[in-house]
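Participant: Keeping their order, the protein sequence lines are chains S and R. Residue numbering for the first sequence follows the UniProt record's numbering, beginning at 1 and increasing consecutively. Residue numbering for the second sequence follows the UniProt record's numbering, beginning at 1 and increasing consecutively. Questions regarding the structure given below will be posed in turn.
Number of protein chains: 2
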Amino acid sequence: MTIRDVASAAGVSPSTVSRCFTQPEIVEAATRERVLRMATHLDYRPNRAARGLITGRTGNIGLLLPDLANPFFPSIVKGIQHQAHLSEYQVFVVDTDEDPAVELGLVRSLAKQVDGMILCSPRMRPAELAEAATVSPTVLLHRRAGGLPSVGIGNADAMRQAIDHLAALGHDRVGFVSGPRRSWSGRQRVAGIRKAAAAHGITLEEIGHFAPTFEGGSAAAQGVLLSGVTAVVAYNDLIALGLLNALRDRGVDVPRDLSIIGVDDISVSAMVRPALTTLSVPKEESGREAVDLLLQVLAHPGARNPPAETLPCRLTVRQTTAPPNQRAATRTTA
Amino acid sequence: MTIRDVASAAGVSPSTVSRCFTQPEIVEAATRERVLRMATHLDYRPNRAARGLITGRTGNIGLLLPDLANPFFPSIVKGIQHQAHLSEYQVFVVDTDEDPAVELGLVRSLAKQVDGMILCSPRMRPAELAEAATVSPTVLLHRRAGGLPSVGIGNADAMRQAIDHLAALGHDRVGFVSGPRRSWSGRQRVAGIRKAAAAHGITLEEIGHFAPTFEGGSAAAQGVLLSGVTAVVAYNDLIALGLLNALRDRGVDVPRDLSIIGVDDISVSAMVRPALTTLSVPKEESGREAVDLLLQVLAHPGARNPPAETLPCRLTVRQTTAPPNQRAATRTTA
DNA sequence: GTGAAAGCGCTAACAG
DNA sequence: CTGTTAGCGCTTTCAC
Numbered sequence: 001m002t003i004r005d006v007a008s009a010a011g012v013s014p015s016t017v018s019r020c021f022t023q024p025e026i027v028e029a030a031t032r033e034r035v036l037r038m039a040t041h042l043d044y045r046p047n048r049a050a051r052g053l054i055t056g057r058t059g060n061i062g063l064l065l066p067d068l069a070n071p072f073f074p075s076i077v078k079g080i081q082h083q084a085h086l087s088e089y090q091v092f093v094v095d096t097d098e099d100p101a102v103e104l105g106l107v108r109s110l111a112k113q114v115d116g117m118i119l120c121s122p123r124m125r126p127a128e129l130a131e132a133a134t135v136s137p138t139v140l141l142h143r144r145a146g147g148l149p150s151v152g153i154g155n156a157d158a159m160r161q162a163i164d165h166l167a168a169l170g171h172d173r174v175g176f177v178s179g180p181r182r183s184w185s186g187r188q189r190v191a192g193i194r195k196a197a198a199a200h201g202i203t204l205e206e207i208g209h210f211a212p213t214f215e216g217g218s219a220a221a222q223g224v225l226l227s228g229v230t231a232v233v234a235y236n237d238l239i240a241l242g243l244l245n246a247l248r249d250r251g252v253d254v255p256r257d258l259s260i261i262g263v264d265d266i267s268v269s270a271m272v273r274p275a276l277t278t279l280s281v282p283k284e285e286s287g288r289e290a291v292d293l294l295l296q297v298l299a300h301p302g303a304r305n306p307p308a309e310t311l312p313c314r315l316t317v318r319q320t321t322a323p324p325n326q327r328a329a330t331r332t333t334a
Numbered sequence: 001m002t003i004r005d006v007a008s009a010a011g012v013s014p015s016t017v018s019r020c021f022t023q024p025e026i027v028e029a030a031t032r033e034r035v036l037r038m039a040t041h042l043d044y045r046p047n048r049a050a051r052g053l054i055t056g057r058t059g060n061i062g063l064l065l066p067d068l069a070n071p072f073f074p075s076i077v078k079g080i081q082h083q084a085h086l087s088e089y090q091v092f093v094v095d096t097d098e099d100p101a102v103e104l105g106l107v108r109s110l111a112k113q114v115d116g117m118i119l120c121s122p123r124m125r126p127a128e129l130a131e132a133a134t135v136s137p138t139v140l141l142h143r144r145a146g147g148l149p150s151v152g153i154g155n156a157d158a159m160r161q162a163i164d165h166l167a168a169l170g171h172d173r174v175g176f177v178s179g180p181r182r183s184w185s186g187r188q189r190v191a192g193i194r195k196a197a198a199a200h201g202i203t204l205e206e207i208g209h210f211a212p213t214f215e216g217g218s219a220a221a222q223g224v225l226l227s228g229v230t231a232v233v234a235y236n237d238l239i240a241l242g243l244l245n246a247l248r249d250r251g252v253d254v255p256r257d258l259s260i261i262g263v264d265d266i267s268v269s270a271m272v273r274p275a276l277t278t279l280s281v282p283k284e285e286s287g288r289e290a291v292d293l294l295l296q297v298l299a300h301p302g303a304r305n306p307p308a309e310t311l312p313c314r315l316t317v318r319q320t321t322a323p324p325n326q327r328a329a330t331r332t333t334a
């Protein structure tokens, strides 16, 4: 079923059929209607590859993300897909398995097949990011770098909210459990929490680097216990959850003996008991925004000052935060 | 950067360059090496759309699934992607949001852009499935229907394992909490558990139909309590988890007062306490198998007896199953 | 407002 | 083994 079949069936030239789909307004109403009716009747659908060959646009966008197994990312995928479909875009999803080394290669191999890419929490170095942007129009999601268009979240403000909450509860020794070294968000969060802690006169302990997974969180338990803090903020919910579990297995009561705050507000966080106090980051929304931004970039290539949006996070207080337990030390040794 | 650029740079014809990529063995070693070196040097990459226009193959496969927010599906996506990338295939992921009405439309709109599709847990009716298979080579994942190639899991056997386990523990009144009415797996599981229960002389209570989500599980709590069973098997882990939580909020102790078994073994199930006893279904593996099967179908179109694989499930006993509590009724009323 | 012709980048006969 | 030719399905000048 090609455009020529429709053309001859409708008694017009292929060009006219083409115009009916790409610039309907310039073709006479009667003709257009006849053609479109015929097209529907024959169940004709333009071949996007053929169209792309001449227009240079594929109608696809690429999405690179570190790990679909972290429930944070599927939410983003849903937002991105929803918004992309509204504009008739299809999305290629690529999971990099948290391996920075393969990111650029995947971008390159995808470049020809997409009109643009959304790089979600990329672990690449800035220079690689710049190169990626060279290969295909790029929007950064949850990262900012080198003037590339981006949509991010208010990491520093999120940390401030966390510290404000803990300070109000009376904590004065707080830990931060770091995620991957290469994570840009992680660096933002550390910087933000340092500043917020200082503002409150709170002592901040930075605890290791851990994989941004449940297992990573379990591995952090030891360090958290040794640090002597009464509360911790974790790089993300998965780490917070792993920590929560490992602590419980060692007989530590959360939140009585230790308060925990995560980041992301993945669905699991509300499913466990005690339910995790966390910083809710807009997931589907940031995905949608990223698509809008990308389409905008595609529509106005080479525009100056590509926008860098920042979406706010919001503290969701659940059950893992409480005032510090003054007698905790006594109890543990007793 | 087209094939002609490479051709003239290497002093050969475009066809030769083409052959170097598609059938390297038929071109003389020296020539081939020179061409490939030139191609690398110029960073030439074949345009897949152009190639597809003539070969009729896109190098893409489509993946339709009901809900990325259920952690079960991201695991499958990972398996599928991994395997697809090994054969240089890219994958379009489409989330249908558990809406059977849109499935066929999405298949149609994707058909032209892919070489084949994997329909994962589709909710369509058999006739629609048959139509989908008409539009594009199709492999069913976690469903079987009308002789289409498929990879599924041993649902009935899984239910048998669950019932064996509960029977061994001493339960004789067991509930099954159903998922979506349209779910084929759900029907398989009901049939399987009926048979298994009968074989053990166990009374089976079938409890409602619920959304295959955490909320769906919460909604099931009331019915489970009223049914008077001492153990339930849920359609999936998400329902089991929602149920677990809702019960705890009502003061029901799991597993003392009620045993719960889920299906899927999503990662969350091991993160909660009590950790969920569940039937582990091979997720990444079934994804990989589906890709293999699809590629096989693409390689031998029209082959007879398309294979219908069945992968086994395995009971993972964790903390939500225990012998029935004889004094439960007394306690509740006391 | 519509048609004819050219060509996007590539592969597949067919010669040589 | 390699080059020449034709054309995949579509959009887009350029005439009419």
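We treat Cβ as the ideally placed atom computed from N, Cα and C, and that holds for glycine. Since this is a predicted model, take the numbers as computed values, not measurements.
How big is the Cα-Cα spacing for L154/S and L65/S?
Facilitator: As a position in the first sequence, residue 154/S is number 154, starting the count at 1. As a position in the first sequence, residue 65/S is number 65, starting the count at 1. For clarity, residue 154/S is Gly in the given sequence; the question names Leu instead. Computed Cα separation, rounded: 20 Å.
Participant: Under 8 Å by Cβ, that's how I've got A299/R and P149/R pegged, so tell me the actual separation to the nearest angstrom.
Facilitator: Walking along the second sequence from the start, residue 299/R turns up at place 299. Walking along the second sequence from the start, residue 149/R turns up at place 149. Not really, about 12 Å apart at Cβ, beyond 8 Å.
Participant: What did DSSP end up calling E215/S once you bin it into helix, strand or coil?
Facilitator: To locate residue 215/S, count along the first sequence from 1; it is residue 215. The three-state reading of DSSP puts E215/S in helix, counting H, G and I together.
Participant: Report all residues from its chain with a CB closer than 6 Å to the CB of A158/S; omit the five preceding and five following residues, and keep chain order.
Facilitator: Indexing the first sequence from 1 puts residue 158/S at position 158. Here A158/S has L279 and C313 as same chain residues with Cβ atoms under 6 Å from its own Cβ, once five neighbours each way along the sequence are excluded.
Participant: Taking C-alpha atoms, which residue in P126/R, E205/R, G262/R and R173/R lies nearest to L315/R?
Facilitator: Working through the second sequence from its first residue, we reach residue 315/R at position 315. Checking every option, the nearest Cα to that of L315/R belongs to G262/R.
Participant: Need the endpoints of the beta strand (DSSP E) that T58/S sits in, please.
Facilitator: The sequence position of residue 58/S within the first sequence is 58, counting from 1. No beta strand (DSSP E) contains T58/S, which DSSP labels as neither H nor E.
Participant: Less than 8 Å between CB atoms is the rule here; does L42/S satisfy it with respect to chain R?
Facilitator: Against the first sequence, residue 42/S aligns to sequence position 42. No, no contact with chain R.
Participant: Give me the subset of the region 47-70 of chain S whose CB atoms are less than 7 Å from a CB atom of chain R, sorted by chain position.
Facilitator: N47, R48, A49, A50, G52, L53, T58, L68 and A69
Participant: Tell me, which residues are paired with Q188/R by DSSP?
Facilitator: To locate residue 188/R, count along the second sequence from 1; it is residue 188. According to DSSP, which records beta bridges pairwise, Q188/R is partnered with nothing at all.
Participant: Taking 6 Å as the limit between beta carbons, can you name the residues of its chain near Q83/R, skipping five residues before and five after?
Facilitator: For the purposes of this step, residue 83/R is taken as residue 83 along the second sequence, with counting starting at 1. Correct list, in chain order: R288 and V291.
Participant: What number of angstroms, rounded off, separates the C-alpha of E88/S from the C-alpha of D43/S?
Facilitator: Taking the first sequence and counting its residues from 1, the one referred to as residue 88/S is at position 88. Taking the first sequence and counting its residues from 1, the one referred to as residue 43/S is at position 43. Whole-angstrom Cα-Cα distance: 18 Å.
Participant: Is T333/S close to chain R, meaning its C-beta is less than 8 Å from at least one C-beta of that chain?
Facilitator: In the first sequence, the residue the question calls residue 333/S occupies position 333. The pLDDT assigned to T333/S is 36, lower than 50, so where the model puts this residue is not dependable; a value taken from the coordinates is nonetheless given after this. Output row for T333/S: interface = no.
Participant: The beta strand (DSSP E) spanning S280/R covers which residue range?
Facilitator: In the second sequence, the residue the question calls residue 280/R occupies position 280. First-last of the beta strand (DSSP E) with S280/R: T277 to S280.
Participant: Let me make sure I understand the geometry here. Which of E98/R, N60/R and L86/R has the alpha-carbon closest to that of residue 337/S?
Facilitator: An answer regarding residue 337/S cannot be provided, because it is not within the stretch 1 to 334 covered by chain S.
Participant: Looking at D237/S and I193/S, is the spacing between their C-beta atoms short of 8 Å?
Facilitator: Along the first sequence, read from residue 1 onward, the residue named residue 193/S stands at position 193. Along the first sequence, read from residue 1 onward, the residue named residue 237/S stands at position 237. Not in contact: I193/S and D237/S (Cβ atoms no closer than 8 Å).
Participant: Excluding the five sequence neighbours on either side, which residues of its own chain have a C-beta within less than 8 Å of the C-beta of I207/R, listed in chain order?
Facilitator: Translated into positions along the second sequence, residue 207/R becomes position 207. If we look at I207/R and ignore the five residues flanking it on each side, its Cβ neighbours are G175, F176, V177, S178, A220, G223, V224, S227 and V232.
Participant: Cβ atoms of V107/R and L63/R: under 8 Å apart, would you say?
Facilitator: Reading the second sequence from its first residue, position 63 is the one you call residue 63/R. Reading the second sequence from its first residue, position 107 is the one you call residue 107/R. Cβ distance not < 8 Å, so L63/R and V107/R don't count as in contact.
Participant: Using the beta-carbon count (16 or more within 10 Å), is T332/S buried or exposed?
Facilitator: In the first sequence, the residue the question calls residue 332/S occupies position 332. Since pLDDT at T332/S reaches only 42, below the 50 mark, its modelled position is unreliable, and the value read off the structure follows with that caveat. Exposed, by the Cβ-count rule.
Participant: At a Cβ threshold of 8 Å, is N155/S touching chain R?
Facilitator: Along the first sequence, read from residue 1 onward, the residue named residue 155/S stands at position 155. By this cut-off, N155/S is not an interface position.
Participant: Tell whether a beta-carbon distance below 8 Å holds between A211/S and L53/R.
Facilitator: In the first sequence, residue 211/S corresponds to position 211, counting from 1. In the second sequence, residue 53/R corresponds to position 53, counting from 1. No.
Participant: Out of R173/S, D95/S and E284/S, which one is the CA nearest neighbour of P74/R?
Facilitator: Numbered from 1 along the second sequence, position 74 holds the residue referred to as residue 74/R. The shortest C-alpha separation from P74/R is found at D95/S.
Participant: Going by Cα to Cα distance, which pick from Y235/S, V268/S, A7/S and G116/S is closest to A162/S?
Facilitator: The residue given as residue 162/S occupies position 162 in the first sequence. If we check each option's Cα against that of A162/S, Y235/S comes out closest.
Participant: Tell whether a beta-carbon distance below 8 Å holds between T321/R and L169/R.
Facilitator: Translated into positions along the second sequence, residue 321/R becomes position 321. Translated into positions along the second sequence, residue 169/R becomes position 169. Against a cut-off of 8 Å, the Cβ pair of L169/R and T321/R comes out as a contact.
Participant: Going by CA-CA distance only, name the one from Q23/S, P46/S and D67/S that's closest to T213/S.
Facilitator: Taking the first residue of the first sequence as 1, we reach residue 213/S at position 213. Measuring from the Cα of T213/S, the nearest candidate turns out to be D67/S.
Participant: Give the secondary structure of M124/S by DSSP, where H, G and I count as helix, E and B as strand, and everything else as coil.
Facilitator: In the first sequence, residue 124/S corresponds to position 124, counting from 1. DSSP places M124/S in coil when its eight states are reduced to three.
Participant: Could you give the first and the last residue of the continuous beta strand (DSSP E) run that contains F176/R?
Facilitator: Reading the second sequence from its first residue, position 176 is the one you call residue 176/R. Run containing F176/R: R173 to S178, per the beta strand (DSSP E) assignment.
Participant: Nearest CA to the CA of S109/R: which residue from D99/R, V135/R and M124/R?
Facilitator: Taking the second sequence and counting its residues from 1, one reaches residue 109/R at position 109. Among D99/R, V135/R and M124/R, the Cα nearest to that of S109/R belongs to V135/R.
Participant: Leaving out five residues on either side along the sequence, give the residues of the same chain with a beta carbon under 6 Å from the beta carbon of R173/S.
Facilitator: Here residue 173/S corresponds to residue number 173 of the first sequence, with the count starting at 1. T203, V229 and T230.
Participant: Give a yes or no on whether 8 Å exceeds the smallest Cβ distance from V93/S to chain R.
Facilitator: Indexing the first sequence from 1 puts residue 93/S at position 93. Taking Cβ atoms only, chain R reaches closer than 8 Å to V93/S, which makes this a yes.
Participant: Going by DSSP, what residue range makes up the beta strand (DSSP E) through I202/R?
Facilitator: Stepping through the second sequence from its first residue, residue 202/R is reached at position 202. Taken as a continuous stretch (DSSP letters only), I202/R belongs to no beta strand (DSSP E), as it is neither H nor E.
Participant: Report yes or no: is there a C-beta of chain S within less than 8 Å of the C-beta of N236/R?
Facilitator: Your numbering for residue 236/R matches position 236 in the second sequence. Not one chain S Cβ lies under 8 Å of N236/R.
Participant: CA-CA distance, R256/S and Q81/R?
Facilitator: On the first sequence, residue 256/S is found 256 positions in, with the first residue counted as 1. On the second sequence, residue 81/R is found 81 positions in, with the first residue counted as 1. For R256/S and Q81/R, the distance between alpha carbons rounds to 43 Å.
Participant: Note down, in chain order, all residues in the region 237-254 of chain S with a beta-carbon under 8 Å from any beta-carbon belonging to chain R.
Facilitator: L241, G242, N245 and R248
Participant: Determine the closest residue to H200/R out of S185/R, P100/R, L295/R and H171/R, with distance taken between C-alpha atoms.
Facilitator: Locating residue 200/R in the second sequence gives position 200, where the first residue counts as 1. Closest by alpha carbon: H171/R.
Participant: Within the 8 Å Cβ cut-off, does Q113/R reach chain S?
Facilitator: Numbered from its first residue, the second sequence carries residue 113/R at position 113. Yes - at least one Cβ of chain S is within 8 Å of the one on Q113/R.
Participant: If we define contact as Cβ-Cβ less than 8 Å, is K283/R a contact residue for chain S?
Facilitator: Residue mapping note: residue 283/R aligns to position 283 of the second sequence, counting from 1. Not an interface residue.
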